[in-house]
Amino acid sequence: MSDILKSSATVAYRDLPADQFAAGVRQAGTVLVDVRRPDEFGAGHLPGALNIDVTGLDFARRITTLNPNRPTYVYCRSGARSAKAAAQLSAAGFGQVHNLAGGILDWGSPLVR
């Protein structure tokens, strides 16, 4: 099962394979967040992505600028950092959080600079 719901008492998000993730980010009203470092983002990212570095000291503050009621899609290089970000977003009250399983390594479509 590739569409996995990760949950605990305080967090819940979905790991999605690239095809489902791509379909989701094409929907109106979604927010797409690249949680990699700015230098990684600059080297290539998904079209329309915001860059909010999950390892940055201001990650918690910066996510408060996002609407927690909108579907939020997060990704990184391999899916590990974005899983951490997805858990933090869920814990912060974001109701629809989706993580790109395998990260952009599994994306398979062109990136933009």
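Take any residue in the sequence shown, count from 1 to its spot, add 128: that is its number in our numbering. Virtual Cβ for every residue (Gly too), placed ideally from N, Cα, C. From a predicted model like this one, the values you see are computed outputs, not experimental measurements.
Asked                                                                         : Found
Straight-line Cα distance separating Q148 from V163                           : 19 Å
Contact check, L239 vs L174, beta carbons under 8 Å                           : yes
C-alpha distance - G170 paired with R241, whole-angstrom precision            : 6 Å
Candidates R205, A219, R209, P199: closest to A156 by CA position             : P199
Expected contact under 8 Å - CB spacing of L144 and N195 to nearest Å         : Incorrect: roughly 20 Å between the Cβ atoms, too far for contact.
For T193, the nearest candidate out of N179, R154, R142, S206 (CA to CA)      : N179
Under 8 Å between C-beta atoms of A150 and S210                               : no
Span separating the alpha-carbon of A137 from that of S218                    : Because the pLDDT at A137 is just 49, under 50, the model does not fix this residue reliably, and the value given afterwards should be weighed accordingly. Spanning the two alpha carbons is a distance of roughly 11 Å.
G230 to R205 span [Cα, whole Å]                                               : 8 Å
Nearest-angstrom beta carbon gap, V182 and A213 [assumed within contact, 8 Å] : 4 Å
A229, DSSP secondary structure in three states                                : coil
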